[in-house]
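J.: Quick one: the structure is below, and I'll ask about it shortly.
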Amino acid sequence: MIAIDTLPGTTERYARAVDASKRVRWDIEKDVIRGRRFDTAQKFLPDGLSLAAEFTTLSPGERRFVSQIQGRTYANMFGLVERFITAKVLEISHDHWLGDQVALEALVRFSDEELKHQELFRRIETMVKDAMPEGYCFIPKPNDVAAAVLSKGTWAVLALTLHIELFTQLHYRQSVEPDDGLSPLFKDVLLYHWKEESQHAILDELEWVRHDATIGAKTRDEGVKEFIALVGAVDGILQMQAAADAHYAMNVMTTRGRRLSEAEQRTIERVMLKAYRWQYILSGAGHPHFVEVLTDVTTDMQRGRIQTALATLM
Ligand SMILES: [Fe+2]
Ligand SMILES: [Fe+2]
128 MIAIDTLPGT TERYARAVDA SKRVRWDIEK DVIRGRRFDT AQKFLPDGLS LAAEFTTLSP
188 GERRFVSQIQ GRTYANMFGL VERFITAKVL EISHDHWLGD QVALEALVRF SDEELKHQEL
248 FRRIETMVKD AMPEGYCFIP KPNDVAAAVL SKGTWAVLAL TLHIELFTQL HYRQSVEPDD
308 GLSPLFKDVL LYHWKEESQH AILDELEWVR HDATIGAKTR DEGVKEFIAL VGAVDGILQM
368 QAAADAHYAM NVMTTRGRRL SEAEQRTIER VMLKAYRWQY ILSGAGHPHF VEVLTDVTTD
428 MQRGRIQTAL ATLM
């Protein structure tokens, strides 16, 4: 099938994304960081994301420490996924090179913003490193993950991308914005990131639906299979990182004189993984708009296969 430039009636939506991108554009140092540093007396991630209440045996201070570890991983995870998102957006922009120039501008701005976000999250990791105890390790390597993700077809990669950019918005609106106990700097990082992500989700959808219109049923079915495989690969990363973060948390607590029973250690490991699955998979997969778009491009049977795969992570 031949790639199509833009679907009829969508130029206006690309144009709105360009306008919004121009309106909200920000600078890492001047707008977000503003000479501030991280204060470990405050939480980084809100309770709704860190699942603070489920770390039942931990003190408020220990839960705050867990929210800081998870916040650090959150920043690193975004830096990670933005590597493959930027590459994919640049690749699909090819379909618009000699076509709809508004769509092309929207995707160029999108990839430029994701490059800036990667720089922001690298900067955050350096700053958080100075504020937190030694021993944290972010395991996955952005280029290895990007190469694995980009080995799948465009349908599956765009599905995963839309899911990620929708959960970013959901996290901000539902959990980050209403929480008054967060580090003002960490909250601003998520606020400014969210401002530019809102346009990305619109563009992901436009591009996914446009790409979907160019493929046949067999390729789409392969796309569903690859999307399920990608979600499984994300879960593999989460299992590794949750274990690393739980061990880092427990090591630091132990060096501070805390004694952790076997049962308590298992709870910390279990809830850490549960929080990460909620943050990076389940909150996006259940997002009403993701479900809506997915329903438009898949059959009941294909969605059933996705649901079955997701159910194993609950
Ligand atoms: Fe981003
Ligand atoms: Fe984005």
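The sequence shown begins at 128 in our numbering and counts up one residue at a time.
Yeah, the Cβ is synthetic: ideal placement off N, Cα and C, and Gly gets one too.
Can the beta-carbon of Gly-411 be found less than 8 Å from the beta-carbon of Ile-291?
T.: Taking the sequence shown and counting its residues from 1, one reaches residue 411 at position 284. Taking the sequence shown and counting its residues from 1, one reaches residue 291 at position 164. Cβ distance < 8 Å, so Gly-411 and Ile-291 count as in contact.
J.: Expressed to the nearest angstrom, what Euclidean distance is found between the alpha-carbon atoms of Gly-198 and Gln-434?
T.: Position 71 of the sequence shown, counting from 1, holds the residue named residue 198. Position 307 of the sequence shown, counting from 1, holds the residue named residue 434. Cα to Cα, the separation comes out at about 28 Å.
J.: Which residues bound the alpha helix (DSSP H) around Ile-395?
T.: Translated into positions along the sequence shown, residue 395 becomes position 268. Element bounds for Ile-395: 389-404.
J.: If you draw a straight line from the C-alpha of Thr-137 to the C-alpha of Val-216, how long is it?
T.: Indexing the sequence shown from 1 puts residue 137 at position 10. Indexing the sequence shown from 1 puts residue 216 at position 89. Approximately 17 Å between the Cα atoms of the pair.
J.: Would you kindly check if the distance between the Cβ of Arg-191 and the Cβ of Lys-170 is under 8 Å?
T.: Here the question's residue 170 lines up with position 43 in the sequence shown. Here the question's residue 191 lines up with position 64 in the sequence shown. Yes, these two residues count as a Cβ contact at 8 Å.
J.: Measuring straight from C-alpha to C-alpha, what distance separates Leu-176 and Phe-294?
T.: Sequence index remark: in the sequence shown, residue 176 carries index 49 (1-based). Sequence index remark: in the sequence shown, residue 294 carries index 167 (1-based). Spanning the two alpha carbons is a distance of roughly 11 Å.
J.: With distance defined between alpha-carbon atoms, name the residue in Arg-236, Glu-232, Lys-268 nearest to Arg-249.
T.: Residue numbering aside, residue 249 sits at position 122 when the sequence shown is read from its first letter. Looking at the Cα atoms, Lys-268 is the closest of the given residues.
J.: Note down the Cα distance separating Pro-260 from Val-379, rounded to an integer number of angstroms.
T.: For this step, residue 260 is matched to residue 133 along the sequence shown. For this step, residue 379 is matched to residue 252 along the sequence shown. When rounded, the distance between both Cα atoms is 7 Å.
J.: Tell whether a beta-carbon distance below 8 Å holds between Ser-194 and Ala-179.
T.: Within the sequence shown, numbered from 1, the residue matching residue 194 stands at position 67. Within the sequence shown, numbered from 1, the residue matching residue 179 stands at position 52. Yes.
J.: Just mark Arg-337 as buried or exposed, buried being the case when its beta carbon has 16 or more other beta carbons within 10 Å.
T.: Counting from one through the sequence shown, the residue named residue 337 turns up at place 210. Classification for Arg-337: buried.
J.: Can you look up Leu-365 in the DSSP assignment and give me helix, strand or coil?
T.: Position 238 of the sequence shown, counted from the start, is the residue given in the question as residue 365. Reduced to three states, the DSSP call for Leu-365 is helix.
J.: Can you give me the start and stop residues for the alpha helix (DSSP H) that Arg-250 sits inside?
T.: Counting from 1 along the sequence shown, the entry for residue 250 is found at position 123. Segment 228-258, the alpha helix (DSSP H) holding Arg-250.
J.: Could you give the distance in angstroms between the alpha-carbon of Ala-214 and the alpha-carbon of Met-428?
T.: Counting from one through the sequence shown, the residue named residue 214 turns up at place 87. Counting from one through the sequence shown, the residue named residue 428 turns up at place 301. Rounded to the nearest angstrom, the two C-alpha atoms are 31 Å apart.
J.: How many Å lie between Ala-331 and Arg-236 at the Cα?
T.: Here residue 331 corresponds to residue number 204 of the sequence shown, with the count starting at 1. Here residue 236 corresponds to residue number 109 of the sequence shown, with the count starting at 1. It should be pointed out that residue 331 corresponds to Asp in this sequence rather than to Ala. Roughly 13 Å separates the two Cα atoms.
J.: Please classify Leu-309: does DSSP put it in a helix, a strand, or coil?
T.: Taking the first residue of the sequence shown as 1, we reach residue 309 at position 182. Three-state result, Leu-309: strand.
J.: On the three-state DSSP scale, how would you describe Lys-268?
T.: Against the sequence shown, residue 268 aligns to sequence position 141. Coil, per DSSP.
J.: Is it true that the CB of Asp-174 sits closer than 8 Å to the CB of Asp-306?
T.: For the purposes of this step, residue 306 is taken as residue 179 along the sequence shown, with counting starting at 1. For the purposes of this step, residue 174 is taken as residue 47 along the sequence shown, with counting starting at 1. Yes, the Cβ-Cβ distance between Asp-306 and Asp-174 is below 8 Å.
J.: Quick test of your reading: Phe-265 and Thr-167, contact by CB under 8 Å. State the CB separation rounded to the nearest angstrom.
T.: Numbered from 1 along the sequence shown, position 138 holds the residue referred to as residue 265. Numbered from 1 along the sequence shown, position 40 holds the residue referred to as residue 167. 18 Å between Cβ atoms; not a contact.
J.: To which residues does DSSP link Lys-322 through a beta bridge?
T.: For the purposes of this step, residue 322 is identified with residue 195 of the sequence shown, where counting begins at 1. BP columns for Lys-322 are empty, so no partner.
J.: Taking 7 Å as the cut-off, is the CB of Phe-205 close to at least one heavy atom of ligand 1?
T.: The residue given as residue 205 occupies position 78 in the sequence shown. Yes - ligand 1 has a heavy atom lying nearer than 7 Å to the Cβ of Phe-205.
J.: What residues in its chain sit with their C-beta under 7 Å from that of Leu-317, if we drop five residues either side in the sequence?
T.: As a first step, residue 317 must be located in the sequence shown, where it is residue number 190. Here the set comprises Tyr-299, Val-303.
J.: Within the chosen definition, does the region 354-366 reach the region 269-283 through at least 3 CB pairs nearer than 8 Å?
T.: Segments in contact, yes.
J.: Compute the beta-carbon to beta-carbon distance between Ile-212 and Ala-340, rounded to the nearest angstrom, for a pair I have assumed lies under 8 Å.
T.: Your numbering for residue 212 matches position 85 in the sequence shown. Your numbering for residue 340 matches position 213 in the sequence shown. Not really, about 21 Å apart at Cβ, beyond 8 Å.
J.: Cα separation between Leu-387 and Leu-333?
T.: Position 260 of the sequence shown, counted from the first residue, corresponds to residue 387. Position 206 of the sequence shown, counted from the first residue, corresponds to residue 333. If you take the alpha carbons of Leu-387 and Leu-333, they lie about 50 Å apart.
J.: Do Val-145 and Val-255 have their CB atoms nearer than 8 Å?
T.: Residue numbering aside, residue 145 sits at position 18 when the sequence shown is read from its first letter. Residue numbering aside, residue 255 sits at position 128 when the sequence shown is read from its first letter. Taking 8 Å as the Cβ cut-off, Val-145 and Val-255 do not qualify as a contacting pair.
J.: So who's on the other strand from Lys-170, going by DSSP bridges?
T.: Your numbering for residue 170 matches position 43 in the sequence shown. The partner list for Lys-170 (beta bridge, DSSP) reads Leu-309.
J.: Have a look at Phe-417, Arg-432, Trp-405, Val-418 and flag the residue whose alpha-carbon is nearest the alpha-carbon of Leu-440.
T.: Here the question's residue 440 lines up with position 313 in the sequence shown. Checking every option, the nearest Cα to that of Leu-440 belongs to Trp-405.
J.: Where do the N-terminal and C-terminal ends of the alpha helix (DSSP H) with Thr-133 fall, by residue?
T.: Mapped onto the sequence shown, residue 133 falls at position 6. Looking at the DSSP string, Thr-133 is not in any alpha helix (DSSP H), and its letter there is neither H nor E.
J.: Quick one: give me the first and last residue of the alpha helix (DSSP H) that Leu-297 is part of.
T.: Residue 297 sits at position 170 when you count from the first residue of the sequence shown. 281-298 is the span of the alpha helix (DSSP H), which, as asked, contains Leu-297.
J.: Give me the Cα-Cα distance between Met-204 and Thr-426, rounded to the nearest whole angstrom.
T.: Working through the sequence shown from its first residue, we reach residue 204 at position 77. Working through the sequence shown from its first residue, we reach residue 426 at position 299. Met-204 and Thr-426: Cα-Cα distance of roughly 31 Å.
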